[in-house]
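*Asks:* Numbers in our numbering are just positions in the sequence shown, counted from 1, shifted up by 253. Glycine included, each C-beta is placed from N, C-alpha and C at the ideal position. Take a look at the following structure, please.
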Amino acid sequence: MALFRIGPNIEIPHFVRGDGVYLRPPEMRDFEAWSSLREHSRDFLTPWEPTWPGDDLTRAAFRRRVRRHQQEIESNEAYPFLVFRDDDVLLGGLTLGQIKRGVVQAATLGYWIGEIFANQGFMTRAARAAVAFSFGSLRLHRVEASCLPHNAASMRLLERVGFKREGYARAYLRINGVWEDHLLFGMLESDQTPLRPPRQGKF
254 MALFRIGPNI EIPHFVRGDG VYLRPPEMRD FEAWSSLREH SRDFLTPWEP TWPGDDLTRA
314 AFRRRVRRHQ QEIESNEAYP FLVFRDDDVL LGGLTLGQIK RGVVQAATLG YWIGEIFANQ
374 GFMTRAARAA VAFSFGSLRL HRVEASCLPH NAASMRLLER VGFKREGYAR AYLRINGVWE
434 DHLLFGMLES DQTPLRPPRQ GKF
């Protein structure tokens, strides 16, 4: 089993498995599937994401992305994952980022899904696995998330997973070149409904 160690008593598995999906960090072998899915989903994703760099879908940019993600995992700053169906089809991506330790013990959840896989429950299952991973392997106390006020699909996803709406932040994130207001959601370890621990290890 491939593991990332972030402390003397915490080992992070290379794979996190959920209900019909699994999560793992991106590797160079994922470039073709990733770039194709992002390109075909460009119009679908653009309204919800920061402006894409001009070279975003190039192999060189993806190599830099993989390197950066490896460094973030090794330093326990973030856990960027790609999301796959159990038959190894790439569905999208999910990140547990902005990890804070000490008296905070929290992370921020972000995600995207390819257009052809949207509204089929895949990202809900991936987010549930990520939450269980956060409160289990990462031993976090809190997971936060945000979404645009008119992103009804994302609101429904967060509520299904168990997040509670906590507030409204003005001009919170720069999305598609514009500073946008966001709804704020949070989940505490004590809030979550009982979840089966995600299966972990080598897929």
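For P261, count neighbouring C-beta atoms within 10 Å of its own C-beta (all shown protein chains included) and say buried if the count is 16 or more, exposed if not.
*Replies:* Interpretation of P261 is limited by its pLDDT of 38, a score under 50 that renders its predicted location unreliable; no figure is taken from the coordinates.
*Asks:* Please report how far the alpha carbon of V269 lies from the alpha carbon of E397, in whole angstroms.
*Replies:* Approximately 19 Å between the Cα atoms of the pair.
*Asks:* Out of H322, D283 and S407, which one is the CA nearest neighbour of W301?
*Replies:* For the residues H322, D283 and S407, the minimum Cα distance to W301 belongs to S407.
*Asks:* In the DSSP assignment, find the unbroken beta strand (DSSP E) run with L426 in it and report its ends.
*Replies:* Where L426 is concerned, the enclosing beta strand (DSSP E) stretches over K417 to I428.
*Asks:* Terminal residues of the continuous alpha helix (DSSP H) containing H230?
*Replies:* Outside the shown range of the chain, which is 254 to 456, sits residue 230, and nothing can be said about it.
*Asks:* Whole angstroms are fine: how far does the CA of V431 sit from the CA of L276?
*Replies:* One C-alpha to the other measures close to 30 Å.
*Asks:* When you compare only the Cα positions, how much space is there between P278 and R423?
*Replies:* For P278 and R423, the distance between alpha carbons rounds to 32 Å.
*Asks:* Quick one: give me the first and last residue of the alpha helix (DSSP H) that D296 is part of.
*Replies:* From DSSP, the alpha helix (DSSP H) with D296 extends over R295 to L298.
*Asks:* Cβ of S387 within 7 Å of Cβ of L349?
*Replies:* Yes, they are a contact pair.
*Asks:* With V336 as the anchor, note down where its beta strand (DSSP E) starts and where it stops.
*Replies:* Segment Y332 to R338, the beta strand (DSSP E) holding V336.
*Asks:* Helix, strand or coil: which one does DSSP assign to L290?
*Replies:* It is helical.
*Asks:* With distances taken Cα to Cα, identify the nearest neighbour of G273 among M376, L290, M281 and L347.
*Replies:* Checking every option, the nearest Cα to that of G273 belongs to M376.
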